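Protein chains in written order, with this note's numbering: chain A, 1 to 233; chain B, 1001 to 1280.
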């Protein structure tokens, strides 16, 4: 299986010599749903930001389809950050038009359908929506692209269990089957059922990259139980 | 993609500067209208004072509108590039250069519109004031027309020789100033991001540092020019010689300096965005 994302000797050192990632090597294949797992401060978000070109590596490189992060890679990566990042003064329909203008793979009819399913008005201004609804709008916009790589940073954190189910259903039913989805989360048990592979990171280093099936067969445990064992304090 | 970036940037920012300019025009008209009121003939000092206060308010608004637009656009640049909104800006399938150029164009155009608006507001104030006085004193309009005719005759004086070149160089300097002013804002905020823990403070510090450097460069260049101006007795023209050819040269020199500074700051800002971007 060819690698969609190739990470070579990736190192990121922040100010005051804080090492967030250290010599990370990783190949992320196509057509998989991958859990990016690790305790707080393990380097998950740093890795995601580096893949998206929001940080510059101290050393090493990230390549997506053979390209360094840039305009070309951004046209095939759909990224959901862990924060609300749309301009509050925008209306939902303006967001649709914004995404339509910039992303050739954006499917506005899909976005409208999902918004209608959730009863979110296209005329609504983002500033009038609750935090949870804003997060759903963000997810809808991100999942309405036919991207090659979806990167979802904590997509189910801070939402109620019913919303979690909706979000997971949205991810599963909307992603392109040839695409890869990377989901970073602490809530392993909630997403375990949809994962094909997991990547464990600790202190900026790769601990494990295996299929969920292998973990269940060789360790005789769920990913959640194995995570607790590996990262036991 | 650059066109789309400019379109969306324009849509995101146009409302506040338009509102500020609208307020300026209303204040200009109100200040002009005070001349139609009988307050100027009042024996009680309070009434003419309130008229003067309104005219002063217009003066403050003229200064304030430019500052207001610049501050609003600076905050907008900071928010859209380096806060949560930056996550959308920097994940668009465009280059750092396209993002930066779109911001530079939109901010520069608004700086220019702000400058033009100040001149237009002076026209609004003057026009309304003349009409107000004319409505009170029928002969006033005739007096103004005669005065304007006399001003027109001044064109033939040696004093106004080369005025057209001065006018062109002034317009050129204004255009270059809009660009360099924009680049000072953009470069200050972008450089401020290098102070990771105190980004806003860093931006303010960078603004003062850049301004100080520009002032220093301007002083170095202006000093010999000023000396020459004094030795040539340029101040003593007494309407017999024209100072405008001298000022044309001065404006051209200043424009070149501003342009060089603007281009330098642009190169620095693009480099920082490409090589040093670090969103929180």
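All C-beta atoms, glycine included, are put in the ideal place defined by N, C-alpha and C. Here the structure is a predicted model, which means the values were calculated and not measured.
Item, Value
"For residue 44 of chain A, the three-state DSSP class (helix, strand or coil)", "helix"
"Counted within 10 angstroms of its Cβ, other Cβ atoms place residue 33 of chain A as buried (16 or more) or exposed", "buried"
"Reduced DSSP secondary structure (H/G/I, E/B, other) of residue 1090 of chain B", "coil"
"Close Cβ partners of residue 176 of chain A (< 8 Å) along its chain, the five nearest in sequence each way excluded", "146, 147 and 148"
"Opening and closing residue of the alpha helix (DSSP H) in which residue 1029 of chain B lies", "1015-1033"
"Selection of the segment 1063-1097 of chain B by Cβ proximity to chain A, strictly under 7 Å", "1084, 1085, 1087, 1088, 1090, 1091, 1092, 1093, 1094 and 1095"
"Where residue 1020 of chain B meets chain A, residues with beta-carbon distance less than 7 Å", "Near residue 1020 of chain B there are no residues of chain A at all, since even the closest Cβ is about 16 Å away, more than 7 Å."
"Listed by chain order, chain A residues near residue 1277 of chain B by CB distance under 9 Å", "53, 54, 55 and 56"
"Where the segment 90-102 of chain A meets chain B: residues whose CB sits under 7 Å from a CB there", "98, 101 and 102"
"Completely contained alpha helix (DSSP H) runs for the segment 71-138 of chain A, where each covers 4 or more residues", "71-74, 92-102 and 108-117"
"Beta-carbon gap between residue 1251 of chain B and residue 1157 of chain B smaller than 7 Å", "no"
"Residue 1271 of chain B, buried or exposed, once every other Cβ within 10 Å from all chains shown has been counted against 16", "exposed"
"Proximal residues to residue 1079 of chain B (C-beta, below 7 Å), its chain only, five neighbours per side dropped", "1085"
"Three-state class that DSSP yields for residue 222 of chain A in the structure shown", "coil"
"Which of helix, strand or coil DSSP assigns to residue 1144 of chain B", "helix"
"Chain-ordered chain A contacts of residue 1008 of chain B [CB-CB under 8 Å]", "98 and 101"
"Neighbouring residues, chain A, relative to residue 1196 of chain B (Cβ below 7 Å)", "15"
"Closest by C-alpha distance to residue 1175 of chain B, when choosing among B:1024, B:1007, B:1115 and B:1033", "B:1115"
"Bridge partners - residue 198 of chain A, DSSP secondary structure assignment", "A:35 and A:210"
"Collapsed DSSP secondary structure at residue 56 of chain A in the structure displayed", "coil"
"Proximity test, Cβ basis, 7 Å: residue 125 of chain A and chain B", "no"
"Which of helix, strand or coil DSSP assigns to residue 178 of chain A", "coil"
"Which listed residue (B:1062, B:1039 and B:1063) has its alpha carbon closest to that of residue 1052 of chain B", "B:1039"
"Closest by C-alpha distance to residue 1134 of chain B, when choosing among B:1032, B:1260 and B:1227", "B:1032"
"For residue 1045 of chain B, three-class secondary structure by DSSP", "coil"
"is_contact[residue 74 of chain A, chain B] using C-beta, thresh 7 Å", "yes"
"is_contact[residue 1004 of chain B, chain A] using C-beta, thresh 7 Å", "yes"
"Option in B:1222, B:1169 and B:1015 with minimal Cα separation from residue 1068 of chain B", "B:1015"
"Validate contact between the segment 1086-1096 of chain B and the segment 1129-1149 of chain B using beta carbons, cut 8 Å, 3 pairs", "no"
"Nearest-angstrom Cα separation, counted from residue 1196 of chain B out to residue 1109 of chain B", "30 Å"
"Under 7 Å between C-beta atoms of residue 1102 of chain B and residue 1028 of chain B", "no"
"Partner residues on chain A for residue 1206 of chain B, Cβ-Cβ distance less than 9 Å", "Going along chain A, no residue has its Cβ under 9 Å from residue 1206 of chain B, so there is no contact; the nearest lies around 17 Å."
"DSSP state of residue 65 of chain A mapped onto helix, strand, coil", "coil"
"Other residues of its chain near residue 73 of chain A: CB distance less than 8 Å, five sequence neighbours each side excluded", "53, 64, 65 and 67"
"Nearest candidate by alpha-carbon position, reference residue 1076 of chain B, set B:1153, B:1096 and B:1107", "B:1107"
"Burial state of residue 144 of chain A (16 or more Cβ within 10 Å)", "buried"
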